[in-house]
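Our numbering applies: residue 340 is where the sequence shown begins, and numbers increase by one.
Taking it in order: structure first as structure tokens, then the write-up.
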Amino acid sequence: MSTLPRMGITIRDVAQAAGVSTATVSRALRGLPNVDERTRARVQRIAADLDYVISPSASRLASGRTGSIAVLMPYIARWFFSTVLSGVESVLQSAGMDLLLMSVSNPDSPRRQAPAPRLRRRVDGVLVIAVPPSDPELRAVIDLGMPTSLIGVSLEGVPSVTIDDVLAARIATQHLVNLGHRRIGIIGGSAMTAPFTAEHDRRRGFLEVMDDAGLEVDPVLESYGHFTVAGGEQAMTALLTQRNRPTAVFAMSDEMAFGALRALRSHGLSAGSDISIIGVDGHDMAELLDLSTVAQPVIDLGRIAAEALLAQIGSGTALRSGESVQLPTRLLVRGSTAPPAA
340 MSTLPRMGIT IRDVAQAAGV STATVSRALR GLPNVDERTR ARVQRIAADL DYVISPSASR
400 LASGRTGSIA VLMPYIARWF FSTVLSGVES VLQSAGMDLL LMSVSNPDSP RRQAPAPRLR
460 RRVDGVLVIA VPPSDPELRA VIDLGMPTSL IGVSLEGVPS VTIDDVLAAR IATQHLVNLG
520 HRRIGIIGGS AMTAPFTAEH DRRRGFLEVM DDAGLEVDPV LESYGHFTVA GGEQAMTALL
580 TQRNRPTAVF AMSDEMAFGA LRALRSHGLS AGSDISIIGV DGHDMAELLD LSTVAQPVID
640 LGRIAAEALL AQIGSGTALR SGESVQLPTR LLVRGSTAPP AA
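Following this line, the structure appears as structure tokens:
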């Protein structure tokens with residue numbers, strides 16, 4: 340076998356040497372089905388002898404595919420989204436697929452660019468992360484008719500991978516109630532009339548447990564942290580200004596809980612011994628900060644959704660079975676939660 344690549348070797352040369360068609364060579368070298376294993380081995384051996392490597396661009400052109408997947412999400416830098424993306428990327432990388440990242444801005448933004456028209460003929464499928472079902476752009480993307488999978492939201496007729504956000508909030512709030520807390524605050528994302536699905540569902544779970552326990556939900560103990568550390572700190576600071584402070588606070592995300600912990604420290608207070616704090620997510624830093632949280636399998640959300648999308652693309656159809664995979668969450672109790680101070 341030559342140690343240097345031979346110039347000008349084409350797929351036709353490999354096909355002629357193997358005594359098969361160029362289509363068979365293409366299928367054999369790309370690992371596609373409907374090729375006899377002995378034929379596949381012969382084609383691979385001859386291609387190696389000729390130093391021939393199939394061109395990815397030529398392969399994609401022949402198949403009518405772009406080899407790219409679009410990922411639509413409202414935020415890129417935030418932990419949840421970047422961690423989901425790492426799960427998606429691991430699957431696409433193994434499959435030799437490229438990733439086209441597109442940000443979906445606030446629906447009310449006057450400078451918002453519609454992503455759907457930019458997707459035509461550029462990608463083979465679309466992954467949508469946590470875009471509210473009410474968002475018209477989500478419907479526009481789905482109406483393109485290409486393979487689509489959703490992460491963090493459910494929509495009838497579209498495959499999705501989610502957690503039960505209502506249950507996650509119930510678990511977190513019930514933990515505080517079980518510890519003996521009766522005056523419990525909540526840090527949400529924002530006061531939007533049409534919040535993200537997770538925010539709506541987590542608030543609902545909180546309210547359900549409070550109602551089941553016969554506890555009053557004091558409006559002054561609901562604050563908003565915009566799902567950021569800085570926002571969580573500001574929201575917790577606002578709660579600490581109340582004459583009758585909460586003895587515990589449920590933060591809808593770990594990042595907001597981190598901010599709440601920082602606010603406690605700046606006021607000379609300690610999480611757990613003075614005021615209990617619990618979050619949702621299972622952030623990488625939660626253990627280091629001794630934060631109790633309800634952890635979700637964030638990387639698996641991205642991985643499973645990407646695998647489902649590739650299965651749709653491989654079948655050549657946009658599945659509309661509406662199959663939804665719901666992954667479990669788990670309570671991780673740490674030092675930030677404890678019974679109320681005497």
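Where a beta carbon is used, it is the ideal one built from N, C-alpha and C, also for glycine.
Bear in mind that the values here come from a model prediction, so they are computed numbers and not experimental data.
Nearest neighbour of G598 by Cα position, chosen from A569, G553 and G621, turns out to be A569.
Less than 8 Å separates the beta-carbon of I616 from that of A596. Per the coordinates, the alpha-carbon of T361 lies some 21 Å from the alpha-carbon of G653.
A distance below 7 Å between beta-carbons, with the five flanking residues on each side excluded, links A386 to the following residues of its chain, in chain order: V353 and L368. With 16 or more other Cβ atoms inside 10 Å of its own Cβ, I502 counts as buried. For D620, the beta-bridge partners assigned by DSSP are A634. An exposed status is given to E376, since fewer than 16 other beta-carbon atoms sit within 10 Å of its beta-carbon. Here F420 is not near T512, since their CB atoms are 8 Å or more apart.
A Cβ-Cβ contact shorter than 8 Å links L640 with L666. Sequence-distant partners of V500 (beyond 5 residues in either direction) whose C-beta falls short of 6 Å from its own C-beta, in its chain, are I490, L640, I643, A644 and V664. Residue environment for E555: exposed (fewer than 16 other C-beta atoms within 10 angstroms of its C-beta). Here G553 is exposed, its C-beta having fewer than 16 other C-beta atoms within 10 Å.
For A677, same chain residues with a beta-carbon under 7 Å away, outside a window of 5 residues either side, are L518, G611, S612 and S615 in chain order. Sequence-distant partners of E646 (beyond 5 residues in either direction) whose C-beta falls short of 8 Å from its own C-beta, in its chain, are V430.
Residue pairing by DSSP places V664 opposite V500 in a beta bridge. Counting other Cβ atoms within 10 Å of its Cβ, S631 reaches 16 or more and is therefore classed as buried. In summary, G435 is exposed, with fewer than 16 beta-carbon neighbours lying within 10 Å of its beta-carbon over all protein chains present.
Comparing C-alpha distances from G496 to each of R366, G484 and G571 shows the shortest one belongs to G484.
For F597, there is no enclosing beta strand (DSSP E); the residue is found in the alpha helix (DSSP H) stretching over D593 to S605. Taken through DSSP and simplified to helix, strand or coil, I652 comes out as helix.
The shortest CA-to-CA distance from G524 to any of V559, V492 and D482 is the one to V559.
With 16 or more other Cβ atoms from the protein chains shown falling within 10 Å of its own Cβ, Q573 counts as buried. Following the DSSP letters along the chain, one finds F419 inside the alpha helix (DSSP H) bounded by residues W418 to S433. Closest option to P475, judged by alpha-carbon separation, among R461, V443, V462 and L506: V443.
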